[in-house]
Amino acid sequence: MVDLTQIMDNEVFMAFASYATIILSKMMLMSATTAFYRMTRKVFANPEDCVTFGKGENAKKYLRTDDRVERVRRAHLNDLENIVPFLGIGLLYSLSGPDLSTAILHFRLFVGARIYHTISYLTPLPQPNRGLSFFIGYGVTLSMAYRLLKNKLYL
Amino acid sequence: MVDLTQIMDNEVFMAFASYATIILSKMMLMSATTAFYRMTRKVFANPEDCVTFGKGENAKKYLRTDDRVERVRRAHLNDLENIVPFLGIGLLYSLSGPDLSTAILHFRLFVGARIYHTISYLTPLPQPNRGLSFFIGYGVTLSMAYRLLKNKLYL
Amino acid sequence: MVDLTQIMDNEVFMAFASYATIILSKMMLMSATTAFYRMTRKVFANPEDCVTFGKGENAKKYLRTDDRVERVRRAHLNDLENIVPFLGIGLLYSLSGPDLSTAILHFRLFVGARIYHTISYLTPLPQPNRGLSFFIGYGVTLSMAYRLLKNKLYL
């Protein structure tokens, strides 16, 4: 049996694993945040979720949308749309033998930008806070994609 | 050329590959389910999708939303939000050299909980069926993230 | 330290890395397309995004939905729903030692079909253009899942 743990001895890969796990855990917090606002504001999407608050017509009034809940859901979807490319491209980039300090700079910028994006979205902070943090994360992922395709294109 | 097939000789990695493939195939079924309900209930989101049912104003009446279709779409999005972290964290966790039986317990719990989540959502079963299955999957992913960061943190 | 760059010497893996990076970059273009339509059509989801167009009640009129923007967002979500399984299953399939030409055929068909899907969705082209391109991508992913589970099932 191969000792796969030696892959984790690679410093770039270990750094990628740490930053990817942190940003995915942050993304998972968005589910908990949505659930928190749904409970405290009594705003539900499914009839079976609000039976504890009343029966029949009385329960139906909780089937509604709420600005706060929709804001968290948009932030969550934006996370998905940006973290999925980071995971895919970042994993392949990590395996392509990049310079350690360049790689860590990419990972740190992305994770920092996405955490700031969430803060900007949920507070909400005035623009261009959210816009800038979005574009930093976007640019980091494109920079990794460019380096990967420049060195390792095989079609 | 490296014989990459030896990675697949690692039992934890093979188990992860099997469970990940199964749960991703299940997630893909949600697309087919949405398409099925859209066709049988004649509920469409795009004008070009309902031209076979009528022309002009007559076709526009099929551009609507439907409780059943929206329910499947919410289940699908919830899958995406939870399966993406499982894939990313689970892959890195599998490479970090965990105990085989612990790893398989994590994978089985996650896949079982997500399948039960879909059944609870689409039937729908009364709460807390869906809520509990969500939290089991959520907890399994966080448990893998915790073990990964505890052993291999590199920032 | 392990020389991980040797993984990239594997031709199937290099091909997967190239096609995955291309299709993820294409998916990222959807964010830019949404932002482009939101700016040019002045259609926003958040109050803080439209303050440059007016204050108070005057700004609120830009908080609306628009057919064109919603179409891009549906195409983006459909990308996420289909590219995530391709990434997960495709990565594991690439590591399972498939025949090079078979693997490249799978990757090319998927990437071609998803690019055509986006063109069909955004133009929009009449059906079944979009439907067919969806099913080709869907079938390619299921074909990789089938080969993976047939050879390497470990539960």
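Chains as they are written, first to last, in the working numbering: chain A, 1 to 155; chain B, 156 to 310; chain C, 311 to 465. All residues carry an ideal CB built from backbone N, CA and C; glycine is no exception.
Within chain B, no C-beta atom comes nearer than 7 Å to that of Thr40(A); the closest sits roughly 16 Å away. Chain order gives the chain A residues near Leu390(C) as Leu77, Leu80, Glu81 and Val84, where near means a beta carbon separation below 9 Å. A direct Cα-to-Cα measurement between Val382(C) and Ser430(C) gives close to 11 Å. Where Leu334(C) is concerned, the enclosing alpha helix (DSSP H) starts and stops at Glu321 to Arg351. Residue-level contact check: Thr21(A) touches chain B, since one or more beta carbons of chain B fall below 8 Å from its beta carbon. Straight across, the Cα-Cα distance linking Leu280(B) with Pro47(A) is about 11 Å.
The beta carbon of Ser25(A) falls within 8 Å of a beta carbon belonging to chain B, placing the residue at that interface. Assigned with DSSP and collapsed to three states, Leu458(C) falls in helix. It is roughly 25 Å from the alpha-carbon of Asp66(A) to the alpha-carbon of Tyr347(C). For Phe168(B) and Gly447(C), the gap between their C-alpha atoms comes out near 26 Å.
Relative to Leu308(B), the option among Asp9(A), Glu11(A) and Ser18(A) whose CA is nearest is Ser18(A). With a threshold of 16 other beta carbon atoms within 10 Å, Thr428(C) meets it and is buried. Collapsing the DSSP output to three states places Leu125(A) in coil. Ile89(A) and Val450(C) have their alpha carbons spaced roughly 21 Å apart. Close partners of Leu149(A) in chain C (Cβ separation under 8 Å): Ser328, Thr331 and Ile332. For Tyr301(B), the closest of Val51(A), Leu109(A), Ile23(A) and Leu132(A) by C-alpha to C-alpha distance is Ile23(A). With fewer than 16 neighbouring CB atoms inside 10 Å of its own CB, Met39(A) falls in the exposed class.
Counting only Cβ-Cβ distances below 8 Å, Tyr116(A) has no contacts in chain C at all, with the closest Cβ about 15 Å away. Within chain A, no C-beta atom comes less than 9 Å from the C-beta of Tyr192(B); the nearest is roughly 16 Å away.
In this structure, the straight-line span from the alpha carbon of Arg108(A) to that of Asn82(A) is close to 15 Å. Counting other Cβ atoms within 10 Å of its Cβ, Pro395(C) reaches 16 or more and is therefore classed as buried. The beta carbons of Val43(A) and Arg64(A) sit about 6 Å from each other, so the pair counts as a contact at 8 Å. Between Met338(C) and chain A, the shortest Cβ-Cβ separation is below 8 Å. Looking only at Lys305(B), Lys216(B), Thr176(B) and Ala190(B), the smallest Cα-Cα distance to His231(B) is reached by Ala190(B). In this structure, Leu242(B) is the residue among Leu242(B), Ile270(B), Gly286(B) and Arg229(B) with its C-alpha nearest to the C-alpha of Ala170(B). Within its own chain, the residues whose Cβ lies closer than 7 Å to the Cβ of Met299(B), once the five positions on either side in sequence are excluded, are Ile244, Gly245, Tyr248 and His261, listed in chain order. For Phe396(C), the enclosing alpha helix (DSSP H) begins and ends at Asp377 to Leu405.
Under the Cβ distance rule, Leu247(B) does not count among the residues neighbouring chain C, no pair being separated by less than 8 Å. From the listed residues Leu310(B), Asp164(B) and Lys215(B), the smallest Cα separation to Val111(A) is found for Leu310(B).
Judged by their CB atoms, Asp79(A) and Gln282(B) are not nearer to each other than the 8 Å cut-off.
Beta-carbon to beta-carbon, Ala423(C) and Ser406(C) are separated by about 22 Å, too far to satisfy the 8 Å threshold.
With its beta carbon at least 8 Å from every one in chain C, Ala300(B) lies outside the interface. Lys26(A) sits close to Ile115(A), with the two beta carbons spaced by under 8 Å.
For Tyr464(C), the chain B residues whose C-beta falls within less than 7 Å of its own C-beta are Glu166, Met169, Ala170 and Ser173, listed in chain order. For Ser411(C), the number of other beta carbons within 10 angstroms of its own is below 16, and it is reported as exposed.
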